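Student:
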Amino acid sequence: MNEVKPPLVVIEHLYKSYRRGGQDLPVLEDISLTIGDGEFLALMGPSGSGKTTLLNLIAGLDRPNAGRLTVGGTDLTQLSEAQLAAWRARHVGFIFQFYQLIPVLTAFENVELPLLLTPLSRRERREHVELALELVGLSDRKAHYPGQLSGGQQQRVAIARALVTDPTLISADEPTGDLDRDSANEILDLMCRLNTDFGKTIILVTHDPEAASRAPRLIRLIKGQLIRDERNDARSCHLAAPEPGAPENPPPAGPGP
Amino acid sequence: MFKLSWRNSLRHPLRSGLTISGMAVAVLAFCLLRTVVAAWYAGVTTASPVRLVVRNAVSLTFRLPMSYYARIQALPGIKRVTYGSWVGGTYIDEKNFFPQIAGHLPTYLAIYPEFVIASDEMSALLQDRRGCVAGRKLAERYGWRLGDLITITGTAYPGRYELVLRAIYRGDAPTVDEGRMYFHYDFLNETIKKRMPDMADMVGWFMVQVDSPELVGPVSEQIDAMFANSLAETKTESEAAFVLGMISMTEAIILAIRVVSWLVIGVILMVLSNTMAMSARERLGEYAVLKTLGFRPRHLAGVILGESLLLALMGGILGLVLTFPAVYLFKTSLSQYFRVFPLTNLTLALGMATSLAVGVLAALFPAWQASRVGIAEALRKVG
């Protein structure tokens, strides 16, 4: 008998508004959806549609004005700032459009950052970081600073940083928005591998239809409202091209603690 | 996280270099000015608790009759009495100024045990009417050797006084002034008797050594009471009070120096605060990323405080290192004004503590700013 897994993310009647010039401007209105554990979901929509806001809410970076939001059974609206920070550190990996690496730290040190909040020893941290960098194919660049890496390589370091703690959920906000097509494909391939091989739940915000086409589920937002929720299992996450040097039999579990 | 603070502190080499240099100059100025003030007060710290100064109640420029000597000596509780006068002369040229005191040397030098003189030199000094004793630094300054003829041109007591250097004293502690000259009052008095008889047998002050510190008050009162309503009333006070009285004449200058030394620290506080505020503003996006990864406001405050403290520490250490040659330069070039220039451990510790305090204060606002940064808002701005 197949056991039905409960959804990872449950959103019910979510509202979010920002106060600008003394006025409340609604950004998200009455959003309800569920995201299953291990899903790869693309959020699309024009600028100002609320997709990044929705991603930030799910990833615990922001708080809704109303509605219910649980991730992995945890009601995020009930957590204090400190609890939310600890929850993010444990359960969410973040990938940003502009990589957001710390320029004075090497690739190794950037990836190590989230592990500094864990009780791991220095040796254990080193092992995890080296494994994460190996997964993104940057073992030989670990001593390089972000300024010494290309955009695609920086984004791969950011991905290594996102997965080094073995999070349940990966939040990717326009991860290919600043990259050329080839680099973008490399990043998307890597994300596909994280989803298919490691079972990571990935929420991808993008403007790029090609990037969105990699995701088996596509949600469209317009003016803060959920307009369309398409599932296409036939469009399961696929690699754009075989990546040279990629491990043929990747390790069964993520690199995190 | 210390690594991040360290790398951040050197992220803008020019800005960091200027801030560190500014801090170094501020600490240097602070320590130097404190040392100048300490030099001013050096006489107070070396004052003996059992020595009294008896002077004319009107002013130090008015003299006292030498006949008081025997009457003071007759009072109970007094161990020793001596007298002296400020000669205020110059050596060869007016710019060669140093204190010359004509005193009753057998008692004067006995009252000042901190002046250490070899016994043979002491004998030679006491046996020669024209003999004089100079401090070690004073003798070094002019290259004097025992037996040298030293001619002093008097101002308070006009005339030329040809003295023979018979002894060189050294202090028994680093704070003892080794820049004075003493010679026999009798030799001065003989010259005065011939040229200015009105000023003869008058002395500038009496120095009184009492048996114990608790006698300072009663003996002072007895002396002043004894000469009350006389032509030359006295004012008797402890040596420390006397020196403080002299210093109080220049109190405004000392106050100004103290104010300037703290103003310098205030200025560098603003400079470092500005540097830290600029750095924090530039890095709000990075702080937002760190918060995103789960770092708490206290972690961010630690990174910012660490950076600020590192800059302050580097500047403070550099400033302290530079203080030593600066004090040496001051000491050598201003030796005629400040014979004792005590760079104390307390001054160095205070300089370091002040720079660290500046480091902490400069980090407060940026740390508060970083702790309040809204993640979504900051990432939107960076993005």
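Heads up: the protein sequence lines correspond to chains A and B, in order. Heads up: the first sequence is residues 227 to 483, going by the working numbering. Heads up: the second sequence is residues 2 to 384, going by the working numbering. Glycine is no exception: its CB is placed at the ideal position from the N, C-alpha and C atoms. What you are looking at is a predicted structure, and each value in this text was computed from that prediction instead of being measured.
Alpha carbon to alpha carbon, how far is glutamate 238/B from isoleucine 102/B?
Tutor: The sequence position of residue 238/B within the second sequence is 237, counting from 1. The sequence position of residue 102/B within the second sequence is 101, counting from 1. Straight-line Cα distance between these residues: approximately 20 Å.
Student: Pick helix, strand or coil for tyrosine 92/B, following the three-state DSSP scheme.
Tutor: Within the second sequence, residue 92/B is the residue found at index 91, counting from 1. Residue state, collapsed to three classes: strand.
Student: Please go through the same chain and pick out, in chain order, the residues whose beta-carbon is closer than 6 Å to the beta-carbon of proline 476/A, but skip the five residues on each side of it.
Tutor: Along the first sequence, read from residue 1 onward, the residue named residue 476/A stands at position 250. Because proline 476/A carries a pLDDT of 40, less than 50, the predicted location of this residue cannot be relied on, and no value is offered for it.
Student: Along chain B, in chain order, which residues have C-beta atoms closer than 8 Å to that of valine 330/A?
Tutor: Residue numbering aside, residue 330/A sits at position 104 when the first sequence is read from its first letter. Within chain B, the residues near valine 330/A are Leu5, Arg8, Asn9, Arg12.
Student: Can you give me the start and stop residues for the beta strand (DSSP E) that alanine 25/B sits inside?
Tutor: In the second sequence, the residue the question calls residue 25/B occupies position 24. Here alanine 25/B belongs to no beta strand (DSSP E); instead the alpha helix (DSSP H) covers 14-41.
Student: Name, please, each residue of chain B whose Cβ falls closer than 9 Å to the Cβ of phenylalanine 320/A.
Tutor: Along the first sequence, one-based indexing puts residue 320/A at 94. The answer, in chain order, is Val290, Thr293, Leu294.
Student: Which value, in whole angstroms, describes the spacing of the CA atoms of arginine 454/A and serine 258/A?
Tutor: Position 228 of the first sequence, counted from the first residue, corresponds to residue 454/A. Position 32 of the first sequence, counted from the first residue, corresponds to residue 258/A. Distance between the alpha carbons of arginine 454/A and serine 258/A is about 12 Å.
Student: With a threshold of 6 Å on Cβ separation, who are the neighbours of glycine 320/B within its own chain once the five nearest residues in sequence on each side are excluded?
Tutor: Taking the second sequence and counting its residues from 1, the one referred to as residue 320/B is at position 319. For glycine 320/B, where only same-chain residues beyond five positions count, the Cβ hits under 6 Å are Ala25, Val28, Leu29.
Student: Note down the Cα distance separating glutamate 412/A from threonine 402/A, rounded to an integer number of angstroms.
Tutor: Your numbering for residue 412/A matches position 186 in the first sequence. Your numbering for residue 402/A matches position 176 in the first sequence. Spanning the two alpha carbons is a distance of roughly 9 Å.
Student: In three-state terms, what does DSSP make of arginine 246/A?
Tutor: Here residue 246/A refers to the residue found at position 20 of the first sequence. DSSP places arginine 246/A in strand when its eight states are reduced to three.
Student: Sort Gly180/B, Glu163/B, Glu122/B by Cα distance to tyrosine 143/B and report the nearest one.
Tutor: Here residue 143/B refers to the residue found at position 142 of the second sequence. It is Gly180/B.
Student: Under 8 Å between beta-carbons, which chain B residues line up against proline 340/A? List them in chain order, please.
Tutor: Here residue 340/A refers to the residue found at position 114 of the first sequence. The contacting residues are Leu294, Gly295.
Student: Just to confirm before moving on: does the CB-CB distance between leucine 281/A and serine 439/A stay below 7 Å?
Tutor: As a working mapping, residue 281/A is identified with position 55 in the first sequence. As a working mapping, residue 439/A is identified with position 213 in the first sequence. The answer is no: Cβ separation not under 7 Å.
Student: Cα separation between glycine 172/B and isoleucine 112/B?
Tutor: Here residue 172/B refers to the residue found at position 171 when the second sequence is read from its first residue. Here residue 112/B refers to the residue found at position 111 when the second sequence is read from its first residue. Cα to Cα, the separation comes out at about 14 Å.
Student: Are the Cβ atoms of valine 341/B and alanine 140/B separated by less than 7 Å?
Tutor: As a position in the second sequence, residue 341/B is number 340, starting the count at 1. As a position in the second sequence, residue 140/B is number 139, starting the count at 1. Against a cut-off of 7 Å, the Cβ pair of alanine 140/B and valine 341/B comes out as no contact.
Student: Could you have a look at alanine 479/A and say whether DSSP puts it in helix, strand or coil?
Tutor: Mapped onto the first sequence, residue 479/A falls at position 253. Annotation note: pLDDT 41 at alanine 479/A (below 50); position unreliable, coordinate value reported separately. Correct three-state label for alanine 479/A: coil.
Student: Determine whether the beta carbon atoms of glutamate 240/B and arginine 52/B lie at a separation below 7 Å.
Tutor: Locating residue 240/B in the second sequence gives position 239, counting from the first residue. Locating residue 52/B in the second sequence gives position 51, counting from the first residue. The answer is yes: Cβ separation under 7 Å.
Student: With a threshold of 7 Å on Cβ separation, who are the neighbours of tyrosine 244/A within its own chain once the five nearest residues in sequence on each side are excluded?
Tutor: Residue mapping note: residue 244/A aligns to position 18 of the first sequence, counting from 1. Excluding positions up to five away in sequence, the list reads Leu251, Val253.
Student: Isoleucine 376/B CB to nearest chain A CB: under 7 Å?
Tutor: As a first step, residue 376/B is located in the second sequence; it is residue number 375 there, counting from the start. Isoleucine 376/B counts as touching chain A.
Student: Could you work out which residues of chain A lie near glutamate 115/B, taking near to mean beta carbons separated by less than 8 Å?
Tutor: Locating residue 115/B in the second sequence gives position 114, counting from the first residue. Per Cβ cutoff of 8 Å: no residues; glutamate 115/B is ~57 Å from chain A at best.
Student: Would you say arginine 388/B and valine 165/B are within 7 Å of each other, going by their C-beta atoms?
Tutor: Because chain B here runs from 2 to 384, residue 388/B falls outside it and cannot be looked at.
Student: Can you tell me where the beta strand (DSSP E) with arginine 446/A in it begins and where it stops?
Tutor: Position 220 of the first sequence holds residue 446/A. 443-448 is the span of the beta strand (DSSP E), which, as asked, contains arginine 446/A.
Student: Run through the stretch 122-191 of chain B for me and flag every whole alpha helix (DSSP H) of 4 or more residues, listed as ranges in chain order.
Tutor: Segments of the alpha helix (DSSP H) lying fully in the stretch 122-191 of chain B: 137-143.
Student: Could you give the residue range of the alpha helix (DSSP H) that holds methionine 270/A?
Tutor: Walking along the first sequence from the start, residue 270/A turns up at place 44. No alpha helix (DSSP H) holds methionine 270/A; the beta strand (DSSP E) holding it covers 266-270.
Student: With a cut-off of 7 Å, does the C-beta of leucine 312/B fall near any C-beta of chain C?
Tutor: Given the protein chain composition of this structure (A and B), no chain C is represented.
Student: Would glutamate 456/A pass as a contact of leucine 447/A if the rule is Cβ separation under 7 Å?
Tutor: Indexing the first sequence from 1 puts residue 456/A at position 230. Indexing the first sequence from 1 puts residue 447/A at position 221. Cβ distance not < 7 Å, so glutamate 456/A and leucine 447/A don't count as in contact.
Student: Using CA coordinates, which residue listed in Ser213/B, Val374/B, Met250/B, Gly160/B is at the minimum distance from threonine 91/B?
Tutor: Taking the first residue of the second sequence as position 1, residue 91/B is located at position 90. Ranking Ser213/B, Val374/B, Met250/B, Gly160/B by Cα distance to threonine 91/B puts Gly160/B first.
Student: Taking its Cβ as the centre, do 16 or more other Cβ atoms sit within 10 Å of serine 356/B, making it buried, or is it exposed?
Tutor: Taking the first residue of the second sequence as position 1, residue 356/B is located at position 355. So serine 356/B counts as buried.
Student: Measuring CA to CA, which of Glu234/B, Phe99/B, Leu147/B is closest to methionine 182/B?
Tutor: What you label residue 182/B is simply residue 181 of the second sequence in a count that begins at 1. Measuring from the Cα of methionine 182/B, the nearest candidate turns out to be Phe99/B.
Student: Could you check whether threonine 391/A and proline 340/A sit closer than 7 Å to each other, using their CB atoms as the reference points?
Tutor: For this step, residue 340/A is matched to residue 114 along the first sequence. For this step, residue 391/A is matched to residue 165 along the first sequence. Taking 7 Å as the Cβ cut-off, proline 340/A and threonine 391/A qualify as a contacting pair.
Student: How many angstroms separate the CA atom of aspartate 187/B from the CA atom of leucine 65/B?
Tutor: The residue labelled residue 187/B in the question sits at position 186 within the second sequence. The residue labelled residue 65/B in the question sits at position 64 within the second sequence. Roughly 16 Å separates the two Cα atoms.
Student: Expressed to the nearest angstrom, what Euclidean distance is found between the alpha-carbon atoms of glycine 471/A and leucine 395/A?
Tutor: Along the first sequence, read from residue 1 onward, the residue named residue 471/A stands at position 245. Along the first sequence, read from residue 1 onward, the residue named residue 395/A stands at position 169. Interpretation of glycine 471/A is limited by its pLDDT of 45, a score under 50 that renders its predicted location unreliable; the figure taken from the coordinates is listed afterwards. For glycine 471/A and leucine 395/A, the distance between alpha carbons rounds to 26 Å.
Student: Is the separation between the beta-carbon of alanine 327/A and that of valine 383/A shorter than 7 Å?
Tutor: On the first sequence, position 101 is the one that residue 327/A refers to. On the first sequence, position 157 is the one that residue 383/A refers to. Note on residue identity: the sequence assigns leucine, not alanine, to residue 327/A. It is a contact, given that the beta carbons lie within the stated cut-off.
Student: Counting pairs of Cβ atoms below 8 Å between the stretch 281-299 of chain A and the stretch 309-319 of chain A, do you hit three or more?
Tutor: These segments touch.
Student: Thinking just about the alpha-carbon of each residue, which of Val361/B, Ala289/B, Leu310/B, Ile254/B is nearest to the one in arginine 35/B?
Tutor: As a working mapping, residue 35/B is identified with position 34 in the second sequence. Among Val361/B, Ala289/B, Leu310/B, Ile254/B, the Cα nearest to that of arginine 35/B is on Ile254/B.
Student: Can you confirm whether glycine 384/B, when its beta carbon is compared against all beta carbons of chain A, has any partner nearer than 7 Å?
Tutor: Position 383 of the second sequence, counted from the start, is the residue given in the question as residue 384/B. Because glycine 384/B carries a pLDDT of 44, less than 50, the predicted location of this residue cannot be relied on, and no value is offered for it.
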